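Here the structure is laid out as structure tokens; the discussion comes afterwards.
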Amino acid sequence: MKLIKRLALALVLMTVLAVGYLWVVFASPYGYTPPENLPAITREEPHRVFVYGTLRFGAVRWLVYGRWGDPRPSVLPGYDREGLDIEKQSGAEVAGYVLSVSSEELANLDRYERLGVRYNRHRLTLANGKGAWVYARIQS
136 MKLIKRLALA LVLMTVLAVG YLWVVFASPY GYTPPENLPA ITREEPHRVF
186 VYGTLRFGAV RWLVYGRWGD PRPSVLPGYD REGLDIEKQS GAEVAGYVLS
236 VSSEELANLD RYERLGVRYN RHRLTLANGK GAWVYARIQS
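Going by my numbering, the sequence shown opens with residue 136, and the numbers climb by one from there.
Below you can see the structure in the form of structure tokens.
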């Protein structure tokens with residue numbers, strides 16, 4: 136009986152720690168202070184965002200901005216994916232998804248990507264000729 140109680144306590148503790156970690160990373164006001172020189176987010180909605188990494192997964196999008204979203208397959212020409220980054224490369228292309236997000240959701244994506252600290256947000260043209268925001272790692 137003691138073993139079951141200890142296992143139950145360990146499971147509860149691990150769950151609390153996991154939820155706490157996810158809150159700090161995705162939703163808390165702590166751990167990220169945006170630099171002052173970031174571009175303002177316009178109220179023009181929806182914002183189109185091309186994603187090629189962790190944001191391709193619905194569970195991550197739900198944690199970041201509260202819904203699975205409506206991803207549509209898309210391609211970013213002239214770039215190659217290198218891990219969690221993209222690099223300009225003639226003739227290459229990166230497969231991903233385009234998300235339609237509100238201004239508030241774009242701000243949540245900026246926080247998740249640590250805009251101005253880890254990533255910059257660029258307006259690029261996709262293979263279909265439409266523009267979208269794309270996050271690219273800041274080169275150090």
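Ideal Cβ placement from N, Cα and C applies to all residues, glycine included.
Computed from a predicted structure; not experimentally measured.
- Note on geometry: alpha-carbon atoms of L157 and V151 lie some 10 Å from one another.
- Annotated three-state conformation of G264 is coil, per DSSP.
- L138 has its alpha-carbon roughly 10 Å from the corresponding atom of L144.
- According to the DSSP assignment, L244 belongs to no beta strand (DSSP E) but to the alpha helix (DSSP H) extending over S238 to Y247.
- Close CB contacts of L241 within its chain, under the 6 Å cut and outside five residues either way in sequence, are with I176 and H182 (chain order).
- In the three-state reduction of the DSSP assignment, A175 falls in the coil class, being assigned neither a helical nor a strand state.
- Contact fails between the segment 200-209 and the segment 248-260, because fewer than three Cβ pairs, one in each stretch, are under 8 Å apart.
- In the three-state DSSP reduction, V252 falls in the coil class, being neither helix nor strand.
- Three or more Cβ pairs drawn from the segment 179-199 and the segment 223-242 lie within less than 8 Å of each other, which places the two stretches in contact.
- Looking at the backbone, the Cα of G188 and that of A194 are separated by about 13 Å.
- Residue pairing for D205: DSSP places it in no beta bridge.
- Between N255 and V199, the CB-CB gap reaches or exceeds 7 Å.
- Closest in alpha carbon position to Y165, among G155, G226, L173 and P174, is G155.
- Scanning E239, G264 and N263 for the CA closest to the CA of E179 turns up E239.
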